[in-house]
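Asker: Numbering (my numbering), first residue to last: 92 to 197.
Don't be surprised by glycine CBs; every beta carbon is placed ideally from N, CA and C.
In this text, all values refer to a predicted model and were calculated from it rather than measured experimentally.
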């Protein structure tokens, strides 16, 4: 089983990639050098609570979202979940309408 550092780092990486953000861009936004962010994402380094808060804010997620290590059945379901997690309420309504429309076609 992965350590907390590895799971948290992977989760940060998932949110960053879901937003098509580079490590360099996130590093700049949180005022942390890229090698240190890379070490965090790889689970080789832990971060301070302040850095965790900066990362969550830069990724526009709650800190608790970074600790949601739910394992989805497929990579595509996980990718969809991550993208849904960053949408605003109005955008989520549109997605829900699309999903309901697809289900009605079945």
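Considering only their Cβ atoms, is the gap separating residue 194 from residue 186 smaller than 8 Å?
Answerer: In this structure, residue 194 does not lie closer than 8 Å to residue 186 by Cβ.
Asker: Under 7 Å from any heavy atom of the ligand NAP, does the C-beta of residue 133 make it?
Answerer: What this structure holds is no ligand at all, so the ligand NAP is not there to describe.
Asker: Taking the alpha helix (DSSP H) that residue 170 falls in, what are its first and last residues?
Answerer: Run containing residue 170: 166-176, per the alpha helix (DSSP H) assignment.
Asker: Compute the Euclidean distance between the alpha carbons of residue 156 and residue 106, then round it to the nearest angstrom.
Answerer: Going by the C-alpha atoms only, they are around 10 Å apart.
Asker: In chain order, what residues of the same chain have a beta carbon less than 7 Å from the beta carbon of residue 130, not counting five sequence neighbours either side?
Answerer: Excluding positions up to five away in sequence, the list reads 136.
Asker: Is the beta carbon of residue 160 less than 8 Å from the beta carbon of residue 96?
Answerer: The answer is no: Cβ separation not under 8 Å.
Asker: Which residues in the same chain have their Cβ closer than 6 Å to the Cβ of residue 132, if we skip the five residues on either side of it in sequence?
Answerer: Cβ neighbours of residue 132 beyond the five flanking positions: 100, 103 and 104.
Asker: Using 10 angstroms around the beta-carbon of residue 140, count the other beta-carbons present and answer buried if the total reaches 16, otherwise exposed.
Answerer: So residue 140 counts as exposed.
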